[in-house]
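Residue numbers (this note's numbering), protein chains in the order written: chain A, 1 to 263; chain B, 264 to 551.
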Ligand SMILES: Nc1ncnc2c1ncn2[C@@H]1O[C@H](COP(=O)(O)OP(=O)(O)O)[C@@H](O)[C@H]1O
Ligand SMILES: [Mg+2]
């Protein structure tokens, strides 16, 4: 993990994900209010805040997964590597390849372990069996699952434990070689041991990917993230190095939340 | 607990009733058909002609009837399966809410039209169309029967397949889309495979309906008991034969017994198809 004795300075990093004056609506209900933030590359950014404050909604604006919700509407910009992903003519398929996602509840396909991980590369055109096998192995190794499943790749993925399923979903997301990994409370449905395993994994993956993780567990945010964004009622209250947020919050609301006065 | 036991007895009773009824049907059919096995003997059934009333020699070959049923059923399934599966996929996955609201009641109405009414439709609309389209002497043939049967089977198969597709958890689709799959890739690689057991069950039900259907087929297939694989030939099915001849046959005659033999064969065929269906279902269910 990074040395957090010294607070990280945002200026020292390349900013990979930028949102500008981002408003989001579910039909007539506005869920996000003017979110402007820049998240650094190859770092872990945690989104925290009380439930219903818009963390998941914001996360889904980053890979346009909100597009499939009827009546959903976006205003403002999201720039990824400098390109506005809501610009007319954006290739959503390409975007989602680049911006992978892991969901709150693990959701492997009812297929074999191998087929789960190979799914992404396959739909993006990889046919060669050996090449697929190599991708599957590499992804499972990265997700820390290889040793546990290498002898039963053809078993149904639904036979794995909850924690293994979630790591399989991470491997599946890694298999399409994304640049950014979005995780929506990836450990909230797991037991403490599996949670620790996933948190360690995030620590390993931060070298390779830009990670944005939603969590309502502040200890977890403190443990795994380099930067933290605190959301409240659809607005971004404060964004800063995790260390600063937790030791020296600028806003009263942030302080109240992290000291457990509400939430 | 006596209550528990009472309920259990009740349930066992209800469950075994259905078994009992099937056994009784088999026994009854067997009893009426059995004398045929002595004279003229079961080999008479493998004759290539069905001429149950004749001044020279009566012939009771059910092969032309079997082939007629098989031809009509196969053709009907060839039409039904692609139409219903694609239709179900469209309604469940692609249709806009408004389209769905128009299509669904329409399909339900289609499913509830009595088969005799559809038979009339086949006779006065479909048969002339088939006749002029292929330039035939008559439009009463296997193809017309198959199209008509498809019209009957498609709504049921669509409805059940659609249910199966709708019950595929949304999380699978979301996972697929988040990996950059297109909507069509998601449908054909995730949703349909996950719904496959239900779709197979729907198709099996459709086959059952097609094999068992009698009246409408009798009206439009031309009723010629010949062995043929040509869709444009008139044919005669097993069910149509029983329905047409049972009313006039002398009780207990050889002809009467032959009709019951057809009944037994029909029952065995449907039974066999059911077993196959279960096997297929189990295999694909496992693969899931
Ligand atoms: N699919 C949806 N349709 C309509 N409203 C939604 C939907 N998802 C979330 N919301 C609403 O948007 C707000 C933010 O929700 P969400 O982003 O899920 O919050 P969080 O992840 O921080 O708990 C909530 O008021 C919630 O009710
Ligand atoms: Mg959430």
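Think of the CB as a built atom: it goes at the ideal place given N, C-alpha and C, for glycine as much as any other residue.
Everything numeric in this text was worked out from a predicted model, so none of it was measured.
Would you decide whether residue 5/A is buried or exposed? Buried here means 16 or more other CB atoms lie within 10 Å of its CB.
A caution first: residue 5/A carries a pLDDT of 47, below 50, which makes its placement in the model unreliable, though a value can still be read off. Residue 5/A is exposed by the Cβ-count criterion.
Q) Mind checking whether residue 357/B and residue 381/B have CB atoms under 8 Å apart? A) No, Cβ-Cβ distance for residue 357/B and residue 381/B is not below 8 Å.
Worksheet item: Going by C-alpha distance, which of 540/B, 303/B, 270/B and 294/B is nearest residue 527/B?
Response: Per the Cα distances, 294/B.
Quiz prompt | Nearest-angstrom beta carbon gap, residue 210/A and residue 227/A [assumed within contact, 8 Å] | solution = That belief does not hold up - the Cβ atoms of residue 227/A and residue 210/A are roughly 11 Å apart, past 8 Å.
**Message:** At the 8 Å Cβ level, is residue 442/B part of the contact set with chain A, yes or no?
**Reply:** For residue 442/B, the nearest CB of chain A lies under 8 Å from its own CB, placing it at the interface with that chain.
Partner residues on chain B for residue 176/A, Cβ-Cβ distance less than 8 Å: Per Cβ cutoff of 8 Å: 442 and 443.
Per-residue burial, residue 136/A [other beta carbons within 10 Å of its own, 16 or more giving buried]: That one is buried.
- Could you confirm whether any beta carbon from chain B is found closer than 8 Å to the beta carbon of residue 109/A? Put simply, the CB of residue 109/A is near chain B, with a gap under 8 Å to one of its CB atoms.
**Message:** Using 8 Å as the cut-off, can you tell me whether the stretch 69-88 of chain A makes contact with the stretch 22-40 of chain A, which would need three or more C-beta pairs spanning the two stretches below that distance?
**Reply:** Yes, since at least three Cβ pairs between the stretch 69-88 of chain A and the stretch 22-40 of chain A fall closer than 8 Å, the two stretches touch.
Can you list the residues of chain A that residue 453/B reaches, using a CB-CB cut of under 7 Å?
Residues of chain A passing the Cβ test: 109.
Quick one: grab the DSSP three-state call for residue 359/B.
Of the three classes helix, strand and coil, the one that applies to residue 359/B here is coil, per DSSP.
Practice task
Would you decide whether residue 265/B is buried or exposed? Buried here means 16 or more other CB atoms lie within 10 Å of its CB.
Solution key: A residue is called buried when at least 16 other Cβ atoms come within 10 angstroms of its Cβ; residue 265/B does not meet this threshold and is exposed.
* Does the stretch 34-42 of chain A come close enough to the stretch 222-236 of chain A that 3 or more CB-CB pairs lie under 8 Å? -> The stretch 222-236 of chain A is in contact with the stretch 34-42 of chain A.
Exercise. Return the Cβ separation of residue 311/B and residue 298/B in integer angstroms, given the expectation that the two are a contact with Cβ distance under 8 Å.
Key: The pair is not a contact, with the Cβ atoms about 23 Å apart (cut-off 8 Å).
_chain A contact residues for residue 286/B, given Cβ-Cβ distances below 8 Å_ = Those within 8 Å of residue 286/B in chain A number zero; the least Cβ separation is about 38 Å.
query: Any residues in the stretch 493-505 of chain B with a beta carbon nearer than 7 Å to a beta carbon of chain A? Which ones, in chain order?
result: Within the stretch 493-505 of chain B, no residue has a Cβ that lies closer than 7 Å to any Cβ of chain A.
Where residue 152/A falls: helix, strand or coil (DSSP): Assigned with DSSP and collapsed to three states, residue 152/A falls in coil, not helix or strand.
- Item | Nonlocal neighbours in the same chain, by C-beta distance under 6 Å from residue 120/A, ignoring five residues either side | The residues are 175 and 176.
Item checked: Chain-ordered neighbours of residue 448/B on chain A, where CB pairs are closer than 7 Å -> Near residue 448/B (Cβ distances below 7 Å), the residues of chain A are 123.
Compare the beta carbon distance of residue 181/A and residue 166/A with 8 Å and say whether it is the shorter of the two.
-> In this structure, residue 181/A sits away from residue 166/A, with a CB-CB distance that is not shorter than 8 Å.
Which bits of chain B does residue 24/A rub up against, with CB to CB less than 9 Å?
By Cβ distance, chain B contributes nothing, its closest Cβ being about 18 Å from residue 24/A, past 9 Å.
Can you find the residues in the same chain that come closer than 8 Å, C-beta to C-beta, to residue 79/A, ignoring five residues on each side of it along the sequence? Excluding positions up to five away in sequence, the list reads 17, 18, 19, 20 and 85.
- Item | Counted within 10 angstroms of its Cβ, other Cβ atoms place residue 492/B as buried (16 or more) or exposed | The residue is exposed, with fewer than 16 neighbouring Cβ atoms inside 10 Å.
Ordered list of beta strand (DSSP E) runs contained in the stretch 41-93 of chain A, each at least 3 residues: If only complete runs of 3 or more residues are kept, the stretch 41-93 of chain A shows the beta strand (DSSP E) at 44-48 and 72-80, in order along the chain.
| said: Starting from residue 382/B, trace the alpha helix (DSSP H) in both directions and tell me its first and last residue. | reply: Where residue 382/B is concerned, the enclosing alpha helix (DSSP H) stretches over 378-384.
To the nearest whole angstrom, what separates the beta carbons of residue 212/A and residue 95/A, a pair I think is in contact under 8 Å?
15 Å between Cβ atoms; not a contact.
* Determine the DSSP secondary structure at residue 207/A, reduced to helix, strand or coil. => The answer is coil: DSSP assigns residue 207/A none of H, G, I, E or B.
Under three-state DSSP, which class holds residue 279/B?
In the structure shown, residue 279/B sits in a helix (DSSP, three-state: H, G or I).
Item to complete: With distances taken Cα to Cα, identify the nearest neighbour of residue 114/A among 131/A, 46/A, 256/A and 8/A.
Response: Measuring from the Cα of residue 114/A, the nearest candidate turns out to be 131/A.
Original post:
Which residues in the same chain have their Cβ closer than 6 Å to the Cβ of residue 255/A, if we skip the five residues on either side of it in sequence?
Top reply: The beta carbon of residue 255/A sits closer than 6 Å to the beta carbons of 249 from its chain, once the five residues preceding and following it are set aside; these are given in chain order.
*Compute every distance between the C-beta of residue 434/B and the non-hydrogen atoms of ligand 2, then say whether any falls below 7 Å.*
Residue 434/B: no, Cβ never under 7 Å from ligand 2.
Original post:
Quick one: what does DSSP say residue 252/A is sitting in, helix, strand or coil?
Top reply: When secondary structure is reduced to three states using DSSP, residue 252/A falls in the helix class.
Simplified DSSP assignment, three categories, for residue 455/B
Residue state, collapsed to three classes: helix.
* Residues from the stretch 40-73 of chain A in contact with chain B, defined by Cβ distance under 7 Å -> From the stretch 40-73 of chain A, only 63, 65 and 68 have a Cβ closer than 7 Å to chain B.
Would residue 260/A and residue 201/A qualify as a contact pair, given that the criterion is a beta-carbon distance under 8 Å?
Cβ atoms of residue 260/A and residue 201/A: not closer than 8 Å.
I need the DSSP call for residue 500/B, collapsed to helix, strand or coil. Three-state result, residue 500/B: coil.
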